[in-house]
Amino acid sequence: MIYLPEKKITKNQVIPFMDTSETIGSDWTPTWKRIDKSTIFDLAFNPQSESVDYISMEAAVEEVSSYQPELPQEIALYRGNVIYDFVEKLCINLPVGDSVKVPVLLCWPPKPKSSGSGEDIQAWQVKECRLLLTNYNSVDGKITFTLKLGGTIEKGTATITEGAPTFSAAA
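Numbering-wise (the numbering used here), the sequence shown opens with residue 33 and increments by one.
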């Protein structure tokens with residue numbers, strides 16, 4: 033194994049994108065837009081677990097069956113910002129059911145490729161993400177919401193060209 037020098041991950045390297053196309057379906061062509069005017073990023077993994085008390089062990093163990101990640105998020109109140117305009121429309125319309133599904137692409141910080149040339153961006157694509165509106169606060173100047181990343185999380189890689197990502201599912 034090759035050990036590389038430590039490199040600090042910075043807040044701008046973990047990039048959440050939302051699909052603002054509103055075209056989910058068989059002919060889905062995402063329009064990924066970066067969540068940009070936010071001051072928070074605290075991805076909660078929310079492990080789903082069960083305590084199991086096997087007879088061969090002195091104490092019970094915790095078995096993890098799945099994860100139910102969620103990403104609390106916000107967007108500053110700037111009309112003309114694509115994400116603000118998209119979320120404001122949701123606030124006005126108060127969607128429920130399948131109307132709260134908003135595909136999300138989460139790109140992890142790039143790391144050197146194992147081949148040694150270029151960088152890999154690991155990514156999650158979640159087509160069934162639910163966007164839950166929380167607050168519209170004109171005093172603080174932001175809308176808060178939570179991205180519930182449950183369901184099927186497709187793992188793969190992404191390339192970002194001129195700010196637009198392209199996702200490739202893992203084999």
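Even for Gly, the Cβ is constructed at its ideal location relative to N, Cα and C. Being a predicted model, the structure only gives us computed values, none of them experimental.
Is it buried or exposed for Q45, if we count other Cβ within 10 angstroms and need 16 for buried?
exposed
Secondary structure at S131, three-state DSSP: helix, strand or coil?
helix
Check whether the region 129 to 144 touches the region 155 to 168, counting contact only when three or more Cβ pairs, one atom from each stretch, lie closer than 8 Å.
yes
Measuring only the C-alpha atoms, how far is T52 from E90?
52 Å
Would you say the region 175 to 193 touches the region 102 to 112, given that touching needs at least three Cβ pairs under 8 Å?
yes
Under 8 Å, with one C-beta from each stretch per pair, do the region 153 to 162 and the region 72 to 83 reach the 3-pair mark?
no
Excluding sequence positions up to five away, which residues of its chain have a Cβ less than 7 Å from the Cβ of E160?
K133, G183, T184
One question on the structure: do E186 and A201 come within less than 8 Å of each other, judged by their Cβ atoms?
yes
Cβ atoms of I72 and M50: under 8 Å apart, would you say?
no
How is V158 classed by DSSP in three states: helix, strand or coil?
strand
Presumed contact (8 Å Cβ cut-off) between V114 and K65, rounded CB distance
5 Å
For the alpha helix (DSSP H) that L103 lies in, which residues bound it at each end?
Unbroken run through L103 is the beta strand (DSSP E), 102 to 108; no alpha helix (DSSP H).
Give the single residue among E95, S70, G195 whose Cα lies nearest to the Cα of E82.
E95
Taking 8 Å as the cut-off, decide whether the C-beta atoms of A190 and L137 are in contact.
yes
How should L103 be labelled, buried or exposed, when 16 other C-beta atoms within 10 angstroms of its C-beta is the threshold for buried?
buried
Nearest-angstrom Cα distance between F199 and C123?
28 Å
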